[in-house]
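Working notes for the structure below.
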Amino acid sequence: MLDGSTPSASGPERITPRALERRVKRWLLEGPFDCYVQVAPGHEALLASELLDGGFAGAASELRVERGGIALVLDHAGIMRANLELRTASRVLLRLREFPAASPEMLYDRARGVPWLTQIGFAPSFGLHVTSRHSKLQAGDAVATTVASAVARELRPFGLYPKPAPDAALVFHVHLQDDRCTVSLDTSGGHLHRRGVRRHVHTAPVRETLAAAMVMTGLRRLDGPPDVVLDPFCGSGTLLIEAADALAGLAPGRHRAFAFEKAAWFRAGAYRETRRLMERGAGHSGASSGGRELGAEEATTRPPATHIVGIDSDSEALEAARANLARPEYAGVSLEPGDSTRFDFAALGARRGLVLANLPYGVRLGERREASATARAFLERLVGSGGTWEVVLLTTDAEAVLPYLRDVDVVRTRNGGLAVALVGGRVGGAGGSGSS
Numbered sequence: 367m368l369d370g371s372t373p374s375a376s377g378p379e380r381i382t383p384r385a386l387e388r389r390v391k392r393w394l395l396e397g398p399f400d401c402y403v404q405v406a407p408g409h410e411a412l413l414a415s416e417l418l419d420g421g422f423a424g425a426a427s428e429l430r431v432e433r434g435g436i437a438l439v440l441d442h443a444g445i446m447r448a449n450l451e452l453r454t455a456s457r458v459l460l461r462l463r464e465f466p467a468a469s470p471e472m473l474y475d476r477a478r479g480v481p482w483l484t485q486i487g488f489a490p491s492f493g494l495h496v497t498s499r500h501s502k503l504q505a506g507d508a509v510a511t512t513v514a515s516a517v518a519r520e521l522r523p524f525g526l527y528p529k530p531a532p533d534a535a536l537v538f539h540v541h542l543q544d545d546r547c548t549v550s551l552d553t554s555g556g557h558l559h560r561r562g563v564r565r566h567v568h569t570a571p572v573r574e575t576l577a578a579a580m581v582m583t584g585l586r587r588l589d590g591p592p593d594v595v596l597d598p599f600c601g602s603g604t605l606l607i608e609a610a611d612a613l614a615g616l617a618p619g620r621h622r623a624f625a626f627e628k629a630a631w632f633r634a635g636a637y638r639e640t641r642r643l644m645e646r647g648a649g650h651s652g653a654s655s656g657g658r659e660l661g662a663e664e665a666t667t668r669p670p671a672t673h674i675v676g677i678d679s680d681s682e683a684l685e686a687a688r689a690n691l692a693r694p695e696y697a698g699v700s701l702e703p704g705d706s707t708r709f710d711f712a713a714l715g716a717r718r719g720l721v722l723a724n725l726p727y728g729v730r731l732g733e734r735r736e737a738s739a740t741a742r743a744f745l746e747r748l749v750g751s752g753g754t755w756e757v758v759l760l761t762t763d764a765e766a767v768l769p770y771l772r773d774v775d776v777v778r779t780r781n782g783g784l785a786v787a788l789v790g791g792r793v794g795g796a797g798g799s800g801s802s
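Positions 367 to 802 (our numbering) are the ones given, in order, by the sequence shown.
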């Protein structure tokens, strides 16, 4: 007998749900588990702040910061909450095993030790994403076939025969580096910038995770919530949505599903409780609500503390933004047709104003020279308004904007494969403009 299953002449009987549940419970008791939260290079410090502010770690010493991600330990509830609440994270990986793998035979033998049963369970298929660096075993079909054979060998005695499939809900990352292999479960599924909110996309959109990094950069520079947030090139409204969510304490993942919901260890009751606490305002990642999350209903019934405004000269862009902002929690966001190079910034009456802008890219929206001229004209208009604004800009030409700003921070990163700079600075106030 095999933990609730009995063999038969035609092959082993399928493990019973009760027997699988016993094994899953034993595995969960081994937690918390090693995890790795991916983030766009350059934004590791922002992610670390999110993890600490959200209670995912008690101290910075519990985080191991690497380029492109942060390693830490999480229990299964923490894994679910990380996917729901982290704004800048790209993906949450559950690290299952790390072992030497200098040959196909070694890879097969060690891969059999991965807890496949408690991850895959009764799922009919699984996916493998293989990467390799400085290893004898190279990324490709051979490694994937070897690991798939190890999975089959381990699950066959339980009467389970999942097949590798490119569209599987459960995907395992097999990373080979320096002849060592790390096998991780992708608990997120689709990239976490896919919030499940923005449906209508206009030209050259900014990824939601990068937009969130811009919002967080601006809020940190202000050291508190602004009274006005302005996006002068709002496009389809991504920056407006991320600003509204952060200021209201709304979890960015509240409208989407995650891969962990298909894992054998998924606890629907625990997940419902996590979401219930989030909806009741007992979460951890709110930016202006005392460090707690607010549900959409609460966020829309309290008086708005910040006036959020988006303008764009493109009528099609504004239509896309209106469609994307047509949820109750975004009822307070204003959209206006307008040219950022002629806009009356002083009319907004901002005392603690924040400008967020994905500036035109020469390579995507016309000639680079024309895009730089538009950015300069906008900044000259903003400087000439006489007010003081914290400014966070995404641009392919940082040198063009630096002369208009002071107290400047620059982070080099990428947006949709394009090299960009996230530039934070201040316009107006004591000292005027300038990057000194």
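Glycine included, each C-beta is placed from N, C-alpha and C at the ideal position.
Query, Result
"I'd like to check one pair, residue 485 with residue 551: are the Cβ atoms closer than 8 Å?", "yes"
"State the DSSP-derived secondary structure class of residue 482, mapped to helix, strand or coil.", "helix"
"Output needed for residue 751: all residues of its chain with C-beta closer than 6 Å, excluding positions within five of it in sequence on either side, in chain order.", "711 and 712"
"Among 451, 434, 404 and 401, which residue has its Cα nearest to the Cα of residue 421?", "451"
"Name the residue from 425, 562, 567 and 609 whose alpha carbon lies nearest to the alpha carbon of residue 580.", "609"
"Are there 16 or more other CB atoms within 10 angstroms of the CB of residue 517, so buried, or fewer, so exposed?", "buried"
"State the CB to CB distance for the pair residue 817 and residue 537, rounded to an integer number of angstroms; the pair is presumed to be in contact (CB under 8 Å).", "Past the boundaries of the shown model lies residue 817; the chain is included only from 367 to 802, so the question cannot be answered."
"Just list the residues that DSSP pairs residue 432 with in beta bridges.", "435"
"Would you call the CB atoms of residue 525 and residue 674 closer than 8 Å?", "no"
"For the region 556-565 against the region 538-546, do three or more pairs of beta-carbon atoms, one drawn from each stretch, fall closer than 8 Å, so that the two count as touching?", "no"
"Kindly indicate which residue of 423, 769 and 599 has the alpha-carbon position closest to the one of residue 399.", "423"
"Once the 5 residues before and after residue 545 are set aside, which same chain residues still bring their CB inside 7 Å of it?", "466, 467, 468, 501 and 502"
"Spell out the partners DSSP gives residue 400 in its beta bridges.", "439"
"How would you label residue 404, buried or exposed, when you count the other beta carbons within 10 angstroms and need 16 or more for buried?", "buried"
"Mapping the DSSP letters down to three states, classify residue 779 as helix, strand or coil.", "strand"
"Can you find at least 3 beta carbon pairs, one from the region 633-641 and one from the region 444-462, that sit closer than 8 Å?", "yes"
"Compare the C-alpha of residue 402 against each of 418, 454 and 459 and name the closest.", "459"
"What's the gap between the Cα of residue 734 and the Cα of residue 727?", "7 Å"
"Please report the residue range of the beta strand (DSSP E) in which residue 692 lies.", "Taken as a continuous stretch (DSSP letters only), residue 692 belongs to no beta strand (DSSP E), as it is neither H nor E."
"According to DSSP, simplified to helix, strand and coil, what is residue 507?", "helix"
"Out of 464, 560 and 722, point me to the one whose CA is closest to residue 585's CA.", "722"
"Could you tell me the boundaries of the beta strand (DSSP E) in which residue 641 lies?", "Unbroken run through residue 641 is the alpha helix (DSSP H), 634-645; no beta strand (DSSP E)."
"Could you compute how far the alpha carbon of residue 427 sits from the alpha carbon of residue 515?", "39 Å"
"Going by Cα to Cα distance, which pick from 724, 622, 636 and 620 is closest to residue 606?", "724"
"Going by Cα to Cα distance, which pick from 767, 755 and 630 is closest to residue 595?", "755"
"Reducing DSSP to helix, strand and coil, say where residue 569 ends up.", "coil"
"Using only alpha-carbon positions, find the residue among 680, 560 and 378 that is nearest to residue 527.", "378"
"Please list the segments of the alpha helix (DSSP H) lying wholly inside the region 728-763, counting only runs of 4 or more residues, in order along the chain.", "734-750"
"Can you list, in chain order, the residues of its chain with a C-beta nearer than 7 Å to that of residue 632? Leave out the 5 residues immediately preceding and following it.", "626"
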